[in-house]
Amino acid sequence: MAKRYELRFSGAGGQGLITAGIILAEAASIVESKYAAQSQSYGPEARGGASKSEVIISDSPIDYPKATIVDACLAMTQEAADKYANGIKDGGLLLIDDDFVKRVPEGNFKVLKMPITRTAKEEIGREIVANVVALGAMIALTDVVKRESGEKAVLAKVPEAFLDLNKKAYNLGYDKIKTLMN
Amino acid sequence: MAKKVALLQGNEACALGALYAGCDFFGGYPITPSTEVAEVLSNELPKNGGKFIQMEDEIGAMASVIGASLTGAKALTATSGPGVSLKQELIGYACIAETPCVIINVMRGGPSTGMPTGPGQSDVMQAMWGTHGDHAAIALTPASCQEIFEETVRAFNLAEKYRMPVQVLYDEIVGHMRERIEFPEPGDLEVVDREAPSVSPEEYKPYDSTKGQIPPLAAFGSGYKFHVTGLNKAADGFPTTKAELVDAEERRQIAKVMDNIADIESYEEYLIDDADVVIWAFGSTSRSARYAVNELRKEGIKAGLFRPITLWPFPAKRTAELAEQCKGIVVAEMNLGQMVYEVERVAQGKCVVVHEGRVDGEPINPGQIMNKVKEVI
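From first to last, the protein sequence lines stand for chains A and B.
Anchor point for the first sequence: position 179 equals 321 in my numbering, and the numbering is continuous, going up by one each time.
Anchor point for the second sequence: position 109 equals 145 in my numbering, and the numbering is continuous, going up by one each time.
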């Protein structure tokens, strides 16, 4: 049976989590030639409100393109955690931005805490790259694609003037999680 | 050489498929969840010598598409259910005036404004019967980003070949999801161009069917002059109320599709040969169904999938055969019962036909379908 891995990125609309999902899907399906399907759901608001992006990665063609039992979930805000940090499988993974998620969802999964937005703001100097920090963190957490594949996909996506900024953000997220896990 | 690949949204794939088919006119009015089709074409058409126009409303957009097509353009519009409702008058006009064009309907819920950002499959009967009067319809329902590209090309081919509007219906889920696409090279997919008249402008009659079911359509601006109307008309394009002419024309316009079902029909089957229960599903729901089939097979339940790609004309012959060979058919669709009535009609009681629907803005998930199949067994 094909190996199917399901990830969900959730947060507030405008935080770039759909973009993070797209980059991961590109890392998997363009850089690594696996199968990937990225989808999202969102409300009518352009910004704010809870938004989620789901990425299914598999070594064979993907039928159902939405999550069934989530292997790994990211929640950047309390609203997102309340609304979308569910359906995580037993022994699965949940990464939260613990500056914003104070009521931690309960379940039979491992919870990792990292001040993602603050890390972007204080260590990179730009809050806007919090999604790329989060992407690096999720890839480190799951090993669903190789570190270099994720970096390559990030750099292919961003404008030239912001290559260094995003490279730094991606690797910072990646390294912080690897340290946390050790 | 390896084919060019990209991770694309279904709507982006649709726009690029249209360009591959030779689309050189888009007239539309933006609406979620179809807007990306217009967005991509607004960038790409001008670069390729085509025209993009955002009209004042949906019916104006449909009128612009018909007008462009009559000048020889391969013309497209993209919208969602509320927009298709507004276009109906002119979709009928395109039917009777036999004007090739392609209408993309990225389906959300309804009726009326419904839930703009949620998926739906409740416009499937509208695709057949939305406009009044007897007419044939062709509607295609792709289920993946790659297939959206290919079926958009095929929609143009069928529109040009059969001289009629063709609708491509896909739900918000496939419209907005992203998957890897392998771009076909020129020549990989068939591209059909409109047949030009073989007679001089003086001899030309736009609806002269003496040489075949589908009269060639001349392009305005190429020296041919003819009359176009929504009234029943004679071979020269001018209105008529002569009973035998009206009758023959109405019947020809339906026969040109129904006599060519083999050419228009397209479907996919999965594990159908020994299936006790057939799941009959299209678009994103067929992907849930395929997942369900695999899970059910693991439990020892012989389930199979029938996935129409051409939804209209209805795949009556094959569905009737399946009704003969299986115990039950589960029709899964994101509505409260539409295609299920067609399936029941052709099954003629030879097997159990049940419906699994959903209209809350969430997709029909595999578990839901599995439970329904177990009810039938």
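Backbone N, C-alpha and C fix where the C-beta goes; we use that ideal spot for every residue, glycine too.
Every value quoted in this text rests on a predicted model; they were computed, and no experiment measured them.
Discussion item. With a threshold of 8 Å, are at least 3 pairs of Cβ atoms found where one atom belongs to the segment 228-246 of chain B and the other to the segment 200-217 of chain B?
Written reply: no
Item to complete: Counting only the same chain and skipping the five closest in sequence on each side, list residues whose C-beta sits under 6 Å from that of A179/A.
Response: I198, I204 and P207
Worksheet item: What does a CB cutoff of less than 8 Å around G190/A pick up in its chain, not counting 5 residues either side in sequence?
Response: A154, G155 and G156
Worksheet item: When the Cα atoms are used, what is the spatial distance from C50/B to L166/A?
Response: 23 Å
Practice prompt. Output, in chain order, the set of chain B residues within a Cβ distance shorter than 7 Å of K208/A.
Written response: P399
Item to complete: Compare the C-beta of M213/B against all C-beta atoms of chain A and say whether one is closer than 7 Å.
Response: yes
Practice prompt. Pair every Cβ in the segment 313-327 of chain B with every Cβ in the segment 288-300 of chain B, then say whether three or more of these pairs are closer than 8 Å.
Written response: no
Worksheet item: Would you call the segment 79-91 of chain B and the segment 116-132 of chain B in contact, with 3 or more CB pairs under 8 Å?
Response: no
Worksheet item: Pairing CB atoms from the segment 364-383 of chain B with CB atoms from the segment 152-163 of chain B, are three or more of them under 8 Å?
Response: yes
Worksheet item: For Y243/B versus P251/B, is the C-beta spacing smaller than 7 Å?
Response: yes
Worksheet item: Which residues in the same chain as F151/A place their Cβ atom closer than 6 Å to its Cβ, once the five residues preceding and following it in sequence are excluded?
Response: L159, A162, G163, S195 and L216
Discussion item. Can you check which of these residues, K255/A, K263/A and D232/A, is closest to G249/A by C-alpha distance?
Written reply: D232/A
Fill in: Element boundaries [alpha helix (DSSP H), containing K83/B]
T71 to K83
Worksheet entry | Positions along the segment 162-184 of chain A whose CB lies within less than 8 Å of some CB in chain B | I164, A167, E168, S171, I172, Y177, A178, A179, Q180, S181, Q182, S183 and Y184
Discussion item. Distance cutoff 7 Å, beta carbons only. Does M205/A sit that close to anything in chain B?
Written reply: For the sequence presented, residue 205/A should be read as Asp rather than Met. Chain B contact via Cβ: present.
Worksheet item: When you compare only the Cα positions, how much space is there between T265/B and E134/B?
Response: 10 Å
Item to complete: Ignore the nearest five residues each way along the sequence and tell me which others in M164/B's own chain have a CB closer than 6 Å to its CB.
Response: A173 and W348
Worksheet item: What residue does the alpha helix (DSSP H) around H212/B start on, and which one ends it?
Response: E208 to H212
Worksheet entry | Test: L332/B CB closer than 7 Å to a CB of chain A | no
Worksheet item: So, are the CB atoms of T167/B and G108/B less than 7 Å apart?
Response: no
Worksheet item: CB G315/A to CB V253/A, shorter than 7 Å?
Response: no
Worksheet item: Just curious, the alpha helix (DSSP H) that I315/B is in, first and last residue?
Response: Where I315/B is concerned, there is no enclosing alpha helix (DSSP H), although the beta strand (DSSP E) it sits in stretches over V313 to A317.
Worksheet entry | chain A contact for Y327/B (CB, 7 Å cutoff) | yes
Fill in: Coil, strand or helix - E226/B by DSSP
coil
Worksheet entry | Where the alpha helix (DSSP H) containing A173/B begins and where it ends | A173/B -> no alpha helix (DSSP H), and no H or E assigned at all.
Discussion item. Would V329/B and A317/B qualify as a contact pair, given that the criterion is a beta-carbon distance under 7 Å?
Written reply: no
Fill in: is_contact[L43/B, chain A] using C-beta, thresh 7 Å
yes
Fill in: Beta-carbon contacts of K261/A that lie in its chain and below 8 Å, excluding the five residues immediately before and after
First, the amino acid is wrong: residue 261/A is Thr here, not Lys. Taken in chain order, the residues that qualify are A272, V275, L314, G315 and K318.
Discussion item. At the level of alpha carbons, what is the spacing between M143/A and R333/B?
Written reply: With a pLDDT of 40 at M143/A, under the threshold of 50, the modelled position of that residue is not reliable, and the figure given next carries that caveat. Rounded to whole angstroms, M143/A to R333/B spans 12 Å at the Cα level.
Worksheet item: Between the segment 347-372 of chain B and chain A, which residues of the former have a C-beta closer than 8 Å to a C-beta of the latter?
Response: none
Discussion item. Tell me the residue span of the beta strand (DSSP E) that contains R23/B.
Written reply: The first residue shown for chain B is 37 and the last is 413, placing residue 23/B beyond what the model contains.
Worksheet item: In chain order, which alpha helix (DSSP H) runs of at least 4 residues are fully inside the segment 233-316 of chain B?
Response: 279-294 and 297-300
Worksheet entry | Cβ distance (whole Å) where A111/B is taken to contact V101/B below 8 Å | 4 Å
Discussion item. Relative to the C-alpha of I266/A, which candidate in A303/A, P301/A, A227/A and Y312/A has its C-alpha closest?
Written reply: Y312/A
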